[in-house]
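> Here the protein sequences come in this chain order: V and B.
Note that this note's numbering numbers the first sequence so that position 3 is 3, with each residue one more than the last.
One gets this note's numbering by counting positions in the second sequence from 1 and adding 390 to each.
Yeah, the Cβ is synthetic: ideal placement off N, Cα and C, and Gly gets one too.
Because the structure is a prediction, the values reported are computed rather than measured.
Okay, handing you the structure first.
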Amino acid sequence: MAQARANYEGVVLTAPMSLPYQRFSNQSAHWWLLGCLREMLASVAVRPDEIDGLTVSSFTLHPDSAVGFAQHSGLDLRWLEHIPMGGASGIVALQRAARAVQCGDANIIACLAGDTNQLDSFRQTLSRFSNFSNDAAWPDGSGGANGYFALLTDYYMRRFDTPREVFGKIAVDQRSNALLLEGAMMTRPLSLEAYLSARMIASPLGLFDCVMPCAGSESFLVMSEETARQRQLPFVRIKAVMEHHNAFASDPVQFRGGWQKEQDRFWRDAGCSPPDMNLIQTYDDYPVISVMQMEDLGFFPKGEAADFLMSRDLTWQGDFPHNTSGGQLSAGQAGAAGGFIGLVEAVRQLTGQAGKRQVAAARLGLVSGFGMVNYDRGVCSGAAVLEGAV
Amino acid sequence: MAEIGESRLPQPVKKNPQLKTAAPLVPPLRRSRLGLRLAGFAARGEFCLPFCSACEKAVWPPRDACPTCLAELAWQEVGNQGQLIAESVLETSPELYFRGRMPWRIGTVRLACGPSIMAHLHQQVQVGEQVEMGLHLDKAQRAVFMAYKNREGGSVNEDSQLRELTSDPKYRRVLISDARSPAGLALAKALAGAEAREIFAGVAESWRRDAVLDALEALDHVTLVPLDLTDSSSVKELAAEIGGKVDILIHTADQPRPGGLLDGSSLTIAQEMQDRLVTGYMRLASHFGPAMRGRGADGVNSATAFVTILSVYAHANWPSYGTHSACHAAVYSLSQCLRSEMLGSGVRVVNAYTGPLEQDWYESVLPPKLDPQRLARDLIKGLQQGLEDIYIGDVARDVASRFREDAKLLEIELTGGARE
Numbered sequence: 001m002a003q004a005r006a007n008y009e010g011v012v013l014t015a016p017m018s019l020p021y022q023r024f025s026n027q028s029a030h031w032w033l034l035g036c037l038r039e040m041l042a043s044v045a046v047r048p049d050e051i052d053g054l055t056v057s058s059f060t061l062h063p064d065s066a067v068g069f070a071q072h073s074g075l076d077l078r079w080l081e082h083i084p085m086g087g088a089s090g091i092v093a094l095q096r097a098a099r100a101v102q103c104g105d106a107n108i109i110a111c112l113a114g115d116t117n118q119l120d121s122f123r124q125t126l127s128r129f130s131n132f133s134n135d136a137a138w139p140d141g142s143g144g145a146n147g148y149f150a151l152l153t154d155y156y157m158r159r160f161d162t163p164r165e166v167f168g169k170i171a172v173d174q175r176s177n178a179l180l181l182e183g184a185m186m187t188r189p190l191s192l193e194a195y196l197s198a199r200m201i202a203s204p205l206g207l208f209d210c211v212m213p214c215a216g217s218e219s220f221l222v223m224s225e226e227t228a229r230q231r232q233l234p235f236v237r238i239k240a241v242m243e244h245h246n247a248f249a250s251d252p253v254q255f256r257g258g259w260q261k262e263q264d265r266f267w268r269d270a271g272c273s274p275p276d277m278n279l280i281q282t283y284d285d286y287p288v289i290s291v292m293q294m295e296d297l298g299f300f301p302k303g304e305a306a307d308f309l310m311s312r313d314l315t316w317q318g319d320f321p322h323n324t325s326g327g328q329l330s331a332g333q334a335g336a337a338g339g340f341i342g343l344v345e346a347v348r349q350l351t352g353q354a355g356k357r358q359v360a361a362a363r364l365g366l367v368s369g370f371g372m373v374n375y376d377r378g379v380c381s382g383a384a385v386l387e388g389a390v
Numbered sequence: 391m392a393e394i395g396e397s398r399l400p401q402p403v404k405k406n407p408q409l410k411t412a413a414p415l416v417p418p419l420r421r422s423r424l425g426l427r428l429a430g431f432a433a434r435g436e437f438c439l440p441f442c443s444a445c446e447k448a449v450w451p452p453r454d455a456c457p458t459c460l461a462e463l464a465w466q467e468v469g470n471q472g473q474l475i476a477e478s479v480l481e482t483s484p485e486l487y488f489r490g491r492m493p494w495r496i497g498t499v500r501l502a503c504g505p506s507i508m509a510h511l512h513q514q515v516q517v518g519e520q521v522e523m524g525l526h527l528d529k530a531q532r533a534v535f536m537a538y539k540n541r542e543g544g545s546v547n548e549d550s551q552l553r554e555l556t557s558d559p560k561y562r563r564v565l566i567s568d569a570r571s572p573a574g575l576a577l578a579k580a581l582a583g584a585e586a587r588e589i590f591a592g593v594a595e596s597w598r599r600d601a602v603l604d605a606l607e608a609l610d611h612v613t614l615v616p617l618d619l620t621d622s623s624s625v626k627e628l629a630a631e632i633g634g635k636v637d638i639l640i641h642t643a644d645q646p647r648p649g650g651l652l653d654g655s656s657l658t659i660a661q662e663m664q665d666r667l668v669t670g671y672m673r674l675a676s677h678f679g680p681a682m683r684g685r686g687a688d689g690v691n692s693a694t695a696f697v698t699i700l701s702v703y704a705h706a707n708w709p710s711y712g713t714h715s716a717c718h719a720a721v722y723s724l725s726q727c728l729r730s731e732m733l734g735s736g737v738r739v740v741n742a743y744t745g746p747l748e749q750d751w752y753e754s755v756l757p758p759k760l761d762p763q764r765l766a767r768d769l770i771k772g773l774q775q776g777l778e779d780i781y782i783g784d785v786a787r788d789v790a791s792r793f794r795e796d797a798k799l800l801e802i803e804l805t806g807g808a809r810e
């Protein structure tokens, strides 16, 4: 019997910050990360010299890592992590930072994610993403993520007999959420008819199954509850966190992820269950991935997305609020910031700072991450249950 | 969903010189060193994957240890049967090569020997079906997989995605550099049978009539052209005239003469051989190469292959024909240089290796000796399959496998064999 996992008592998240996304930017990744850090610190009146811990997630920071960024930023740090886990970066940063604060390794940790999107950044990132991708995926039509997820979606739809309408439902409801977000890439309403009739990008994926690459950055702070209270900052607590990497590696095509392996322990740690969630934020690089996270985290059985989702309202004012800032499908995919967008939005919602799209009486939220299609599937998965302070 | 059917390749149209020739873009070149290894197998048409002998499973993508037991892996020929389990028709790509060739069909094949592999899809295959996988070089001369229903089927090459991976003579114009060589006539006949559109038969001293010339002239689609490989201006003039119309060049010239350095040597003969074979290759490459390099993406009859018939003893000297082996070794070395210079053009530098042929200059050599018809047939089959290194006949395959196993041992065998 494995040792019980220690809880995250006494540690909180605060200071959710997003820089409004831009389709293209001639600024560097450093500029986007530093801008977000500056705005975040200003929003909670924390001075740079009070930050003694830092996590950094970014694709376009290369050849710099968190080390180069640390020197660039001028921060004087006792604790530093580079978290290259793409869409799982937010959950993993939160987990690492929470333990560091809990153990006294650092007092206030800034967790940053962001990327620039210069005119050719997207192709450059894809064409040298990983050895596996260079050897075995990119040469096959160079569809990039669209191609790999098309195969994954095709397999999923055949195996579970899932109609495109289910994925359309996710995209359409998120679009109405995004209409209330400053800097969202998508600014016009989307109907299910428009989703279904849009041109194909990589069958069975159509235009509105795919994210728009853009520049942007997201961040939050991790500190002790005591510190947050002293500074009178609104915060959220961590009920449970999980991460799992390279699960089900021998599945011929991915149709499940590490969440499934952690599901029971995760909800036991959290002391609550899926129906208790007031909102959920999933990693939505493609709608099928959101569905997979909901299934594997226990919101409904595998393959039964249509029954569960089609009768619900997934908008911020609905009965199953999902990706309340529009997610990447409507806000845009700002590289590694895509691994933070749901987490930052959850902190915003659970601290009552979501403005016009505030979910009523939001106390408990689930955030889920999915990262790094190194070859044909996402390797990293993670999830957290957060609770607003009462 | 994809239209599945037997759509045929378009017929080539007469080139309009006022229109821009499509730039010869190629698919991604970048591979890890392990990934590059696969191109060596694809070049020879072998279907090899990294294999764990402890788990008895093939793995993919290439890696440095077995993902089940962490044992070291060895490349091994494995079965190419599998099932197509997912597909997609790509409509967009940020890579220019694919962008210009959309829609492009890809799929996931689960091989019976273990791994799932992403592959190009032949138009004849559908999800759920059993498929055969082939390992091919693409226009970047890097290895990719393609799935078909049946590789040997009649119209299998009538597929635009497969056409990109092969150097099929169908619809193409072919120059035979020395049609009087033993393989010349056999090749001209076989190329006509493979539906080459036009065959230029290079002939030096055409006033010197013989039966081969008469036979060539009697063939459909064959045009005799003046080409003397020992004369730079002859090569230059022909290149100026037809260089832009040569889609496949097959260099057939040979001059096998027995003798080494001390025994039966003649510097005059060696010098002639060198001029014709080595410098001749350089003349051909330097005059025809640039035009071919510019036409690597010129429609259905783009320039596709610069082929040389080489003695397999280019790999290791056969002292009975010592100076002859040396000339072929020099051409082999030059072909490697040409491969580098052609990289990025989509034109493949193909070498076809043979042992001694059934001809007068090998009269005192024991069999097996290669029949020119067999040479022609296997060479064309190699082009249709998209090979880069074609080993034709028992001797060539034997010497090549010994060379790959241990080059030094082959040298000892070849140089000491006469004293048994």
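How close, in whole Å, do the beta carbons of alanine 171(V) and leucine 329(V) come, if the pair is a contact with beta carbons under 8 angstroms?
Rounded, the Cβ-Cβ distance is 5 angstroms, consistent with contact.
> Excluding sequence positions up to five away, which residues of its chain have a Cβ less than 8 angstroms from the Cβ of valine 403(B)?
So the qualifying residues of the chain are Gly689.
> Which class does isoleucine 201(V) belong to by DSSP, given the choice of helix, strand or coil?
Of the three classes helix, strand and coil, the one that applies to isoleucine 201(V) here is strand, per DSSP.
> Check the Cβ-Cβ distances between glycine 425(B) and every residue of chain V, and say whether any is below 8 angstroms.
Taking Cβ atoms only, chain V reaches closer than 8 angstroms to glycine 425(B), which makes this a yes.
> Secondary structure at alanine 239(V), three-state DSSP: helix, strand or coil?
Note that residue 239(V) corresponds to lysine in the displayed sequence, not to alanine. Of the three classes helix, strand and coil, the one that applies to lysine 239(V) here is strand, per DSSP.
> Near threonine 620(B), what residues of its chain come up, given a Cβ to Cβ distance below 6 angstroms and the 5 sequence neighbours on each side ignored?
The answer, listed in chain order, is Asp665 and Arg666.
> Compile a chain-ordered list of the residues in the stretch 174-203 of chain V whose CB is closer than 9 angstroms to at least one CB of chain B.
Here the close residues are Arg199, Met200, Ile201, Ala202 and Ser203.
> Between which two residues does the alpha helix (DSSP H) containing threonine 153(V) stretch?
Segment 145-160, the alpha helix (DSSP H) holding threonine 153(V).
> Which residues bound the beta strand (DSSP E) around histidine 811(B)?
Residue 811(B) lies beyond the stretch modelled for chain B, which goes from 391 to 810, so this question has no answer here.
> Taking Cβ-Cβ distances shorter than 7 angstroms, what residues in chain B pair up with phenylalanine 132(V)?
Simply Pro451.
> Arginine 495(B) lies in the beta strand (DSSP E); which residues open and close that run?
Taken as a continuous stretch (DSSP letters only), the beta strand (DSSP E) holding arginine 495(B) covers 494-501.
> Leaving out the 5 sequence neighbours to the left and right, which residues in its chain are closer than 7 angstroms to phenylalanine 793(B) when beta-carbon positions are compared?
If we look at phenylalanine 793(B) and ignore the five residues flanking it on each side, its Cβ neighbours are His705, Ala706 and Leu800.
> Among Ala178(V), Ala100(V), Leu364(V) and Gly258(V), which has the Cα closest to the Cα of valine 222(V)?
That would be Ala100(V), whose Cα lies nearest to the Cα of valine 222(V).
> Out of curiosity, what's the CA-to-CA distance linking leucine 552(B) and tyrosine 538(B)?
Looking at the two C-alpha atoms, the distance is approximately 10 angstroms.
> Cutting at 8 angstroms between CB atoms, please list the residues of its own chain near leucine 700(B), excluding the five before and the five after it.
Only His718, Val721, Tyr722, Ser725, Asn741, Ala742, Tyr743 and Thr744 meet the Cβ criterion.
> When Cβ atoms are compared, which residues of the stretch 30-44 of chain V fall closer than 8 angstroms to chain B?
Result list empty, no residue passes.
> Whole angstroms is fine: what's the gap from phenylalanine 220(V)'s alpha carbon to leucine 19(V)'s?
Roughly 12 angstroms separates the two Cα atoms.
> DSSP beta-bridge partners for cysteine 438(B)?
DSSP lists Glu467(B) as partners of cysteine 438(B).
> The alpha helix (DSSP H) that contains valine 792(B), what's its start and end?
The amino acid occupying residue 792(B) in the given sequence is arginine; valine does not appear at that position. Start and end: 784-795.
> Within the same chain, show all residues whose beta-carbon is closer than 8 angstroms to that of valine 755(B), passing over the 5 residues directly before and after it, in chain order.
Once the five neighbours on either side are set aside, the close Cβ partners of valine 755(B) are Ser710 and Pro746.
> Please classify glycine 74(V) as buried or exposed, where buried requires at least 16 other C-beta atoms within 10 Å of its C-beta.
Under this definition glycine 74(V) is an exposed residue.
> Using a Cβ-Cβ cut-off of 7 angstroms (strictly less than) and excluding sequence neighbours within five positions of alanine 530(B), which residues of its own chain qualify?
Excluding residues within five positions, the ones whose Cβ falls inside 7 angstroms are Val416, Pro417, Pro418 and Leu419.
> Thinking aspartate 115(V) and phenylalanine 24(V) are a contact (beta carbons under 8 angstroms), I'd like their distance in whole angstroms, please.
Between phenylalanine 24(V) and aspartate 115(V) the Cβ distance is about 12 angstroms, and since that is not below 8 angstroms, they are no contact.
> Please classify threonine 658(B): is it buried, with 16 or more other beta-carbons within 10 angstroms of its beta-carbon, or exposed?
Exposed: under 16 other Cβ atoms inside 10 Å.
> Quick one: any contact between the stretch 470-484 of chain B and the stretch 516-535 of chain B, if contact means 3 or more CB pairs under 8 angstroms?
Yes: the two stretches touch, three or more of their Cβ pairs being nearer than 8 angstroms.
> Please classify tyrosine 195(V): does DSSP put it in a helix, a strand, or coil?
Note: tyrosine 195(V) maps to helix in three-state DSSP.
> Which residues in the same chain have their Cβ closer than 7 angstroms to the Cβ of serine 550(B), if we skip the five residues on either side of it in sequence?
Counting only Cβ-Cβ distances below 7 angstroms, and skipping sequence neighbours, we find Leu399.
> Tryptophan 79(V) lies in the alpha helix (DSSP H); which residues open and close that run?
Taken as a continuous stretch (DSSP letters only), tryptophan 79(V) belongs to no alpha helix (DSSP H), being part of the beta strand (DSSP E) at 79-82.
> My output table needs one value for glutamate 810(B): the three-state DSSP class, helix, strand or coil.
Caution applies to glutamate 810(B), whose pLDDT of 47 falls short of 50 and renders its modelled position unreliable; the value that the coordinates give is listed next. Coil at glutamate 810(B), not helix or strand.
> Can you name, in chain order, every residue of its own chain whose Cβ lies under 7 angstroms from the Cβ of leucine 733(B), other than the five neighbours on each side?
Correct list, in chain order: Gln531.
> Taking DSSP's pairing of strands, which residues face histidine 245(V) in a bridge?
According to DSSP, which records beta bridges pairwise, histidine 245(V) is partnered with Cys380(V).
> Any C-beta of chain V sitting closer than 8 angstroms to the C-beta of aspartate 454(B)?
No, aspartate 454(B) does not count as interfacial toward chain V.
> If we count the other Cβ atoms within 10 Å of its Cβ and call it buried at 16 or more, is valine 625(B) buried or exposed?
Classification for valine 625(B): buried.
> Go through its chain and collect everything with a Cβ distance to isoleucine 280(V)'s Cβ below 6 angstroms, but skip five positions before and after it.
Closer than 6 angstroms at the Cβ level, and outside the excluded window around isoleucine 280(V), lie His322 and Leu366.
> So that I know if they touch, is there some Cβ in chain V lying closer than 8 angstroms to that of glutamate 631(B)?
Judged by the 8 angstroms Cβ criterion, glutamate 631(B) is not in contact with chain V.
> Please report how far the alpha carbon of phenylalanine 590(B) lies from the alpha carbon of alanine 413(B), in whole angstroms.
So the two alpha carbons sit approximately 25 angstroms from each other.
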